[in-house]
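For the sequence shown, our numbering begins at 865 and goes up steadily by one.
The block underneath contains the structure these notes are about, expressed in structure tokens.
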Amino acid sequence: MAGAYDRDLIGYGANPPDPKWPGGARLAINFVINYEEGSEPSVQDGEGATEIGLTEAHGRGQQVRGRDLAGESMFEYGSRVGFWRLMRVFQARNLPLTIFGCALALERHPPAAAAIRASGFDVCSHGWRWVKHFELSEDEERDHIRKAIRSFETTLGERPVGWYCRYGPSVNTRRLLVEEGGFIYDSDYYGDELPFWKTVDGKPHLIVPYSLTNNDGKYTGTIGTADDWFAFVRDAFDVLYREGATQPKMMSVGLHMRLTGHPARAAGLERLLDYMMQHADIWIARRRDVARHWIATHPYPGKGLNE
Ligand SMILES: [Zn+2]
């Protein structure tokens, strides 16, 4: 038997709330680097195959028996080269950033963990490993969540307060996060442009939606060059900026070290940042700060949206 129908197809509807962004900004923008390299499914970690998702080999159907050393090296490009390039791009512009961090990947790269720690960027847990949570049993998933928290406490000196699964959560994820406690939000949702509250097991829980649209994952499908990507995301920015005169929203932009970390694609990111920075009244913020802002200005109303 399927459970009771629990999807909210309505959301805020025609009249979303005024987010009251700091400084009266007409758009909040959160940039995300997905730090996954080193925690992806691999032969040596027991999955029996090499992950090639979001690399140059993505979708090409390689059927390497055993370890795919080429695929592994394309992931390693992300942690060895791409990470540092993306850090430089943001730090040179004094812009804040959120890391969607996979815990085991940061364990395996102490200099990157130290650089993140020193940067002031916030880390949202992207899982203990870059694996699909909807393929885990409930007990396995609970174990992954706990391992991730303990790992970040060691590598970063603090536990994460946000959560985002690879692609999407299981039907248990949100409840397990609330059960574990200490998380102020999760980003396992693509269906809105503003944060919103839900009630999970009788407790308030904030959702800060993310985007696979304004995302460099498009490079593995429909988008070829940095100019194409720049134009695509710039159009999103332009529309939201115009709408922000009366209905301010939030924009998430997702990046991967093994994709945009390559110079041919980093060029599109630089163009985008420099374009956005020519506009007044935008709030480029860490995801944690967006969540905290929402909690402070739009407290839990006693029940979640449309509950
Ligand atoms: Zn990711």
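Built from N, CA and C at the ideal position, the CB exists for glycine as well.
Exercise. Do the stretch 929 to 942 and the stretch 1106 to 1126 touch if we need at least three Cβ pairs shorter than 8 Å?
Worked result: Cβ pair count under 8 Å is three or more, so yes.
Exercise. In the structure shown, what three-state DSSP assignment does Tyr1049 receive?
Worked result: In the sequence shown, the residue the question calls residue 1049 occupies position 185. Of the three classes helix, strand and coil, the one that applies to Tyr1049 here is strand, per DSSP.
Problem set entry | Given Gly877 as reference, the closest of Val1117, Arg1150, Ser1075 and Gly1055 once Cα atoms are compared | Indexing the sequence shown from 1 puts residue 877 at position 13. Checking every option, the nearest Cα to that of Gly877 belongs to Gly1055.
Exercise. Hey, which unbroken runs of the beta strand (DSSP E) at 3 residues or more fall wholly within the stretch 879 to 961?
Worked result: Along the stretch 879 to 961, the beta strand (DSSP E) occurs as fully enclosed runs of 3 or more residues at 891 to 899, listed in sequence order.
Exercise. Which same chain residues, not among the five before or five after Ser1034, have their C-beta less than 7 Å away from its C-beta?
Worked result: Here residue 1034 refers to the residue found at position 170 when the sequence shown is read from its first residue. Correct list, in chain order: His997, Phe998, Leu1000 and Glu1005.
Exercise. Mapping DSSP to helix, strand and coil, what is Ile1013?
Worked result: Position 149 of the sequence shown, counted from the start, is the residue given in the question as residue 1013. DSSP, reduced to helix, strand and coil, places Ile1013 within a helical segment of the structure shown.
For this session: Give a single yes or no on whether Asn894 has its beta carbon closer than 6 Å to a heavy atom of ligand 1.
Result: On the sequence shown, position 30 is the one that residue 894 refers to. No - ligand 1 has no heavy atom lying nearer than 6 Å to the Cβ of Asn894.
Problem set entry | Beta-carbon contacts of Val1097 that lie in its chain and below 7 Å, excluding the five residues immediately before and after | The count along the sequence shown starts at 1 and reaches residue 1097 at position 233. Cβ contact annotation for Val1097 (same chain, cutoff 7 Å, sequence separation greater than five): Asn1078, Val1117 and Leu1136, in chain order.
For this session: Return the chain-ordered list of same chain residues with a C-beta closer than 6 Å to the C-beta of His990, the five sequence neighbours on each side being excluded.
Result: By one-based count along the sequence shown, residue 990 stands at place 126. Phe964, Gly965, Cys966 and Tyr1028, listed in sequence order.
Exercise. Where do the ends of the beta strand (DSSP E) carrying Ser983 lie?
Worked result: As a working note, residue 983 is residue 119 in the sequence shown. Where Ser983 is concerned, there is no enclosing beta strand (DSSP E), although the alpha helix (DSSP H) around it starts and stops at Pro974 to Ser983.
Exercise. Whole beta strand (DSSP E) runs in the stretch 1076 to 1105 with 3 or more residues, listed along the chain?
Worked result: Taking only runs of at least 3 residues, no beta strand (DSSP E) segment lies wholly in the stretch 1076 to 1105.
For this session: On a CA-only basis, which of Leu1058, Gly984, Gln927 and Gln955 is nearest Lys884? Give me that one, please.
Result: What you label residue 884 is simply residue 20 of the sequence shown in a count that begins at 1. Among Leu1058, Gly984, Gln927 and Gln955, the Cα nearest to that of Lys884 is on Leu1058.
Exercise. Is it a yes or a no for the stretch 1102 to 1114 touching the stretch 879 to 893, going by three-plus beta-carbon pairs under 8 Å?
Worked result: Contact between the stretch 1102 to 1114 and the stretch 879 to 893 is present, because at least three Cβ pairs lie under 8 Å.
Problem set entry | Check: Asn1170 C-beta below 6 Å from any heavy atom of ligand 1 | Stepping through the sequence shown from its first residue, residue 1170 is reached at position 306. No, ligand 1 has no heavy atom inside 6 Å of this Cβ.
For this session: Please write down, chain order preserved, every residue whose beta carbon lies under 6 Å from a heavy atom of ligand 1.
Result: Counting every residue whose Cβ lies closer than 6 Å to a heavy atom of ligand 1, we get Asn898, Glu900, Phe964, His990 and Arg1030.
For this session: Using beta-carbon positions only, say whether Ile1009 and Val1025 come within less than 7 Å of one another.
Result: In the sequence shown, residue 1009 corresponds to position 145, counting from 1. In the sequence shown, residue 1025 corresponds to position 161, counting from 1. Not a contact, by the Cβ cut-off of 7 Å.
For this session: Out of Ile980, Arg981 and Leu1041, point me to the one whose CA is closest to Asp1007's CA.
Result: Stepping through the sequence shown from its first residue, residue 1007 is reached at position 143. With distances taken between Cα atoms, Asp1007 lies closest to Leu1041.
For this session: Measure the alpha-carbon distance for Arg1023 versus Phe954 and round it to whole angstroms.
Result: As a working note, residue 1023 is residue 159 in the sequence shown. As a working note, residue 954 is residue 90 in the sequence shown. Taken atom to atom, the span from the alpha-carbon of Arg1023 to that of Phe954 is near 24 Å.
Exercise. In terms of residue numbering, what span does the alpha helix (DSSP H) encompassing His1157 cover?
Worked result: Within the sequence shown, the letter at position 293 stands for residue 1157. His1157: member of the alpha helix (DSSP H) spanning Arg1151 to Thr1161, first to last residue.
Exercise. Between the beta-carbon of Leu968 and the beta-carbon of Ala977, is there less than 7 Å?
Worked result: Position 104 of the sequence shown, counted from the first residue, corresponds to residue 968. Position 113 of the sequence shown, counted from the first residue, corresponds to residue 977. Against a cut-off of 7 Å, the Cβ pair of Ala977 and Leu968 comes out as no contact.
Exercise. From which residue to which residue does the beta strand (DSSP E) around Asp986 run?
Worked result: Along the sequence shown, read from residue 1 onward, the residue named residue 986 stands at position 122. Asp986 -> beta strand (DSSP E) spans Asp986 to Ser989.
Exercise. When burial is assigned at 16 or more other CB atoms within 10 Å of the CB, is Lys1167 buried or exposed?
Worked result: As a first step, residue 1167 is located in the sequence shown; it is residue number 303 there, counting from the start. With fewer than 16 other Cβ atoms from the protein chains shown falling within 10 Å of its own Cβ, Lys1167 counts as exposed.
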